[in-house]
Amino acid sequence: MTLANQVVYFSEKEQTFDSIILYMDLDAFFASVEIRENPDLADKPLVVGGNPKTKQGVVSTCNYKARKYGIHSGMPISQALRLCPHLTMVRGSYKLYSDVSKSIMNIVKHYSPTMKVAGNDEAYLDLTEIVSDYEEARRLAVELKDDIFATEHLTCSIGIAPTKILAKIASETDKPDGLVVVKPLDITEFMEPLKITIIPGVGKKSAESFSKKKIYTCGDLAKLPYQLVYQKFGKYGLKTWKLVNGFNTENTENKFVSNERKSISEEKTFFNRHQKWEDIWVQIDSSIDTIIARMRVKNMSFKTITLKIRFKNFETYTRAHSLSSYNISEKLVRTVVQKLLEEFENKKPEDIRLVGIKISNLRKIDNNQKTLTQFF
DNA sequence: TCTGGGGTCCTAGGACCC
DNA sequence: TCTGGGGTCCTAGGACCC
């Protein structure tokens, strides 16, 4: 299809903003909790994650002192140590983080009944029905920050804007302990100087392809004709173009509907690498156990099983099989995984770096239906 | 340089059906 | 001797997020 035939659709909804959204993000969450528990760490560059003894693994979170050295989430520990040899490392107390997170989300909940928790350390609040304007929203945000600090001694950054994505971007521009409000009429001016990578979803690869067209900031993208953007970067590019030009790219009707879980998975990396097939099967069985247990707690059933294998050269394969109907049997998972694994049985088990199991195509088990079948 | 773990979403090709 | 078109489901891989 040629470009001339392509229809680009701008709806009326995209031109209107009728919501006020607050986004809250806890600052360097895991690292901040560690510092709260052990104040001696406060003045040191600190990372949570990885194995301090073997220096394997990656950075999960780091404090702002560590970020000054160029350290960031996802960076290999060995590289972080090269950037900062006197780095302090802790393994992480994930149960504690989860408890603190729950406590904070409980506080946040008081500020609006329409809330969406997005991970351990972030949440969106719909303030549309709660406040009458952006100034009132700002005052509410200050209150929320004080509330969180008084209870949990942690700081957060807040963005307020007419959509979730803009509120998130707003919060990113003033960290830590920031508060940024972007009103509908200020969107394009606000976006213009920001780096294109500030947009959630624009990662390394997208930034690279944008830079080939001399696009580095949101303003660079905004200036281009949308036809060209669509041609070069496709659907996602066009959506990004609309965003930086101040269009509303969000579906306002169901923006706070909490979505059902789509998959449950577990994967494990072998670090010592002397495993035999037996050891790999021990790991697989244990993963199947936890996954099925989690599925049962959620009262769900599955249709698709996926095996993931990564070799030490980082070559990664996924093999999936879908059943003809929904199922809950762990035995069946094992049988299917066994079949899927056959393809790799001529490989050396010690060359395997990671195995993962995933169930997807999930469906809630209908309790009414269950009781009905008891009668018939 | 060495790359965790739990997720979501997107793309592209192929099978199959009407 | 030339093979439509739309929809749906499945698989594999990859980008990205926290």
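Going from the first sequence to our numbering is simple: count from 1 and add 515.
Each residue gets a CB set at the ideal place from its N, CA and C atoms; glycine is no exception.
These numbers come from a predicted model, not from an experiment.
- For the beta strand (DSSP E) assignment, the uninterrupted runs of no fewer than 3 residues enclosed by the segment 782-851 are, from N- to C-terminal side, 815-826, 831-842.
- In this structure, residue 872 and residue 795 do not form a Cβ contact; the two beta carbons are roughly 11 angstroms apart against a cut-off of 8 angstroms.
- Beyond the five residues adjoining it in sequence on each side, residue 535 comes within less than 7 angstroms, by CB distance, of 642, 643, 646, 649, 652, 675, 677 in the same chain, given in chain order.
- Residue 823 is positioned such that its CB atom lies closer than 7 angstroms to that of residue 833.
- For the set 782, 705, 772, 733, the Cα lying nearest the Cα of residue 753 is the one of 733.
- Residue 704 has its alpha-carbon roughly 29 angstroms from the corresponding atom of residue 626.
- DSSP links residue 571 through a beta bridge to 566.
- Closest in alpha carbon position to residue 602, among 564, 735, 560, is 560.
- Between residue 786 and residue 571, the C-beta gap is smaller than 7 angstroms, which places the two residues in contact.
- Bounds of any beta strand (DSSP E) do not take in residue 653; it lies within the alpha helix (DSSP H) bounded by 649-667.
- Membership of residue 637 in any alpha helix (DSSP H) is not indicated; the residue belongs instead to the beta strand (DSSP E) covering 637-641.
- Cβ contact annotation for residue 671 (same chain, cutoff 7 angstroms, sequence separation greater than five): 539, 540, 541, 542, 660, 663, in chain order.
- In this structure, DSSP gives residue 706 a helical state, which the three-state scheme calls helix.
- In the displayed model, residue 690 falls within coil according to three-state DSSP, outside both helix and strand.
- In the displayed model, residue 869 falls within a strand according to three-state DSSP.
- Listed in chain order, the alpha helix (DSSP H) runs fully inside the segment 577-629 are 579-582, 592-598, 609-624, counting runs of at least 4 residues.
- Spatial neighbours of residue 855 in its own chain (CB-CB distance under 7 angstroms, excluding positions within 5 residues in sequence) are listed in chain order as 822, 834, 836.
- For residue 637, the closest C-alpha among the options 815, 549, 687, 862 is that of 687.
- Selection 748, 691, 579 evaluated against residue 557 yields 579 as nearest (Cα-Cα).
- Put simply, the backbone Cα of residue 769 is about 20 angstroms away from that of residue 879.
- In this chain, the alpha helix (DSSP H) harbouring residue 550 covers 544-552.
- The residues 556, 561, 563, 605, in chain order, have a CB closer than 7 angstroms to that of residue 549 in the same chain once the five nearest residues on each side in sequence are set aside.
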